[in-house]
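In UniProt numbering, the protein residues as written are 1 to 246.
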């Protein structure tokens with residue numbers, strides 16, 4: 001598992017696409033949780049008597065993984081090595097004090113270049129694997145900025161926009177749902193781009209074009225400001241280079 005930063009208190013991982021963060025009965029293969037327990041020895045790193053049974057149980061059950069990103073998404077993931085760091089970072093997320101940025105390539109020309117989406121997101125009652133925008137969902141807010149515009153080099157002349165996306169809430173599939181809501185779904189999104197587009201996208205972009213590229217937070221022990229960035233992975237760079245910039 002690539003590491004962007006590490007000290008005695010935290011690890012900032014650069015999660016590859018295709019790796020699941022949390023263990024579940026339906027998940028096969030090694031998860032981020034499995035890797036953390038092997039690397040940090042989470043279960044034996046807790047000083048006896050220092051934390052309440054409830055705190056210890058939550059830290060252990062999550063193996064110190066503070067938040068999550070989708071299996072198909074690559075990029076930055078925070079891991080705490082001990083409960084003090086875990087609960088400090090968790091409280092920062094709950095207070096919306098952690099700033100996250102993603103890179104997303106979406107269908108169409110996004111105009112204007114800067115915008116926001118405030119629309120409730122929830123699990124679809126008729127398809128529990130998917131989420132959508134509807135009144136009964138949970139409050140969700142996403143802002144975005146279009147960095148570049150591209151066009152296919154073939155006769156289709158399909159257009160695309162490379163976005164910096166900043167969610168201020170952390171709903172499941174939030175970015176993917178909000179961009180689909182704008183009629184600019186993410187390239188190669190297996191759930192939200194549509195079957196016909198997905199088949200076409202997969203010919204030049206082999207996986208979901210969504211990457212957690214930057215995170216800003218306060219160190220849970222030293223309180224110093226942390227700003228960690230992850231470059232666009234090689235597979236997504238290859239996809240971009242197959243297009244013509246406008």
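For each residue, glycine too, the CB sits at the ideal point set by N, CA and C.
Just so we're clear, the structure is a prediction, and the values are computed from it rather than from any experiment.
Nearest-angstrom Cα distance between residue i and residue j?
i	j	result
residue 212	residue 53	33 Å
residue 128	residue 18	20 Å
residue 268	residue 130	The chain is shown only over 1 to 246; residue 268 falls outside these bounds and no answer can be derived.
residue 136	residue 121	8 Å
residue 219	residue 226	6 Å
residue 15	residue 100	15 Å
residue 93	residue 171	12 Å
residue 181	residue 190	16 Å
residue 186	residue 55	38 Å
residue 33	residue 65	7 Å
residue 194	residue 126	17 Å
residue 192	residue 177	7 Å
residue 198	residue 37	36 Å
residue 28	residue 67	20 Å
residue 26	residue 151	39 Å
residue 231	residue 133	30 Å
residue 281	residue 223	Since the first and last residues shown for the chain are 1 and 246, residue 281 lies out of range.
residue 13	residue 111	33 Å
residue 123	residue 237	32 Å
residue 183	residue 214	25 Å
Among the candidates the options, whose CA atom is the shortest distance from the CA of residue i?
i	options	result
residue 57	219, 154, 111 and 82	82
residue 113	90, 102, 143 and 131	143
residue 103	233, 245, 242 and 244	233
residue 4	28, 147 and 77	77
residue 35	70, 79, 74 and 73	79
residue 69	124, 208 and 145	208
residue 228	125, 98, 173 and 22	98
residue 145	106, 216 and 200	106
residue 188	20, 40, 21 and 204	204
residue 24	1, 62 and 51	62
residue 51	200, 39, 84 and 32	84
residue 60	74, 75, 73 and 40	40
residue 156	230, 123 and 201	201
residue 1	196, 74 and 147	74
CB-CB under 7 Å to residue i, same chain, minus the five flanking residues each way: which ones, in chain order?
i	result
residue 175	102, 104, 142, 165, 167 and 210
residue 109	149, 159 and 161
residue 139	120 and 169
residue 118	141
residue 179	104, 106, 185 and 186
residue 246	149, 150 and 151
residue 147	162, 163 and 164
residue 196	none
Output needed for residue i: all residues of its chain with C-beta closer than 8 Å, excluding positions within five of it in sequence on either side, in chain order.
i	result
residue 153	242, 243 and 244
residue 206	188, 235 and 239
residue 22	31, 32, 33, 62, 65 and 68
Tell me which residues share the same chain as residue i and place their Cβ nearer than 6 Å to its Cβ, disregarding the 5 neighbours each side in the sequence.
i	result
residue 221	9
residue 71	20
residue 173	131
residue 216	99 and 227
Beta carbon of residue i: closer than 6 Å to some heavy atom of the ligand COA?
i	result
residue 95	As presented, the structure is devoid of all ligands, the ligand COA included, so that no description of it is given.
**Request:** Please go through the segment 3–47 and give each complete alpha helix (DSSP H) segment of 4 or more residues, from N-terminal end onward.
**Result:** Counting only runs of at least 4 residues, the segment 3–47 fully encloses the following alpha helix (DSSP H) elements, listed from N- to C-terminal order: 32–40.
**Message:** If we require 3 or more residues per run, which beta strand (DSSP E) segments fall completely within the segment 130–166?
**Reply:** 141–151
**Asked** Are three or more beta carbon pairs between the segment 6–18 and the segment 78–92 nearer than 8 Å?
**Response** yes
**Request:** Jot down the residue ranges of each uninterrupted beta strand (DSSP E) in the segment 43–123, minimum 3 residues, whole runs only, in chain order.
**Result:** 74–80, 99–107 and 114–118
**Asked** Curious, which full-length beta strand (DSSP E) runs of at least 3 residues does the segment 161–223 contain?
**Response** Counting whole runs of 3 or more residues, the segment 161–223 contains the beta strand (DSSP E) stretches 210–218.
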